[in-house]
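Notes for the one structure printed next.
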Amino acid sequence: MRFAFVSGDPALDLTATVLSRRADPLDTLTTPADLEQWVAECAELPDHVTAGATDLASALALREALYRLALDRLRSRPFHSGSLAIVNDTAAGPVPTLRLSDDGLRVSGDCRAVLARLARRGITVLADRGACLKECGRPDCTRLYLDRSRGSRRTWCGMDECGNRVKAAAYRARRRARATAAD
Ligand SMILES: [Zn+2]
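Just so you know, we're using our numbering here: the sequence shown kicks off at 1147 and counts up by one.
Here you go:
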């Protein structure tokens, strides 16, 4: 797996394909092949979806609109109207088809259907006032996620590196403080 799916929702996972958004942004979806790979790795989307340059542009526009709306939610401010239009328009498109058989579930559809599905998932999350949307506690991460833990006490996005790095830094700081106190 090249991409991480730890946000608790595929629409949020899509927004997290830009790493470290504030300090040193790194976009991991730069070619149509990147998008195809991301879709293939996302559990609830169709396999073998092909994407072209236009599909990539639509996906990136949707991604940035979803990110902007999620930030608006996080900061309790009105939704950005241009981003609302992108997400709502994308959600109105055809969605992937689901087929059940003895072999299990088969999801199929093209890239347009994938984006419609992601937009709908994003709308469901953003419309849910009870959803606990958070930004990862490690400042360099900037990943958004849904905290479904009991008491909503989760602090990190779910990437091992985030909680562990912060805990390691805190441990080193405590050890330094103890060493200084001992001197
Ligand atoms: Zn994180």
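Just so you know, even glycine gets a beta-carbon here, dropped at the ideal spot from N, CA and C.
For residue j and residue i, believed in contact at Cβ under 8 Å, the rounded distance
i	j	result
Val1241	Arg1266	7 Å
Leu1261	Leu1208	5 Å
Leu1206	Leu1172	No, Leu1206 and Leu1172 are not in contact; Cβ-Cβ is about 14 Å, not under 8 Å.
Gly1304	Tyr1317	Their Cβ separation, rounded to whole angstroms, is 21 Å, which puts Gly1304 and Tyr1317 out of contact at 8 Å.
Cys1278	Asp1293	4 Å
Ala1162	Ala1150	7 Å
Ile1232	Ala1211	4 Å
Pro1192	Ser1254	5 Å
Nonlocal neighbours in the same chain, by C-beta distance under 6 Å from residue i, ignoring five residues either side
i	result
Arg1214	His1226, Ser1229
Leu1165	Leu1172
Cys1188	Pro1156
C-alpha gap between residue i and residue j, whole angstroms
i	j	result
Gly1309	Thr1301	8 Å
Arg1284	Ala1314	12 Å
Ala1186	His1194	7 Å
Gly1198	Arg1168	28 Å
Cys1257	Ile1269	18 Å
Thr1200	Arg1320	51 Å
Arg1263	Asp1286	29 Å
Leu1181	Asp1249	27 Å
Leu1244	Met1147	24 Å
Ser1222	Lys1280	12 Å
Glu1307	Asp1235	36 Å
Leu1158	Thr1288	11 Å
Ala1328	Glu1190	55 Å
Trp1184	Ala1323	44 Å
Residue i beta carbon near ligand 1 (any heavy atom closer than 7 Å)
i	result
Met1147	no
Cys1308	yes
Trp1302	yes
Cys1257	no
Cys1278	no
Cys1287	yes
Arg1284	yes
Residue-level contact to chain E via CB, residue i, 8 Å cutoff
i	result
Arg1263	Included in the structure is just one protein chain, with no chain E present.
Cβ shell of residue i (< 7 Å), same chain only, five flanking positions each side left out
i	result
Leu1272	Leu1215, Ala1216, Arg1219
Val1152	Tyr1291, Cys1303, Gly1304, Met1305
Exercise for the section: Please list the segments of the beta strand (DSSP E) lying wholly inside the stretch 1213-1277, counting only runs of 3 or more residues, in order along the chain. Expected result: 1243-1247, 1250-1254
Practice task
Counting only runs of 4+ residues fully inside the stretch 1156-1223, write out the alpha helix (DSSP H) ranges in chain order.
Solution key: 1156-1161, 1178-1187, 1199-1220
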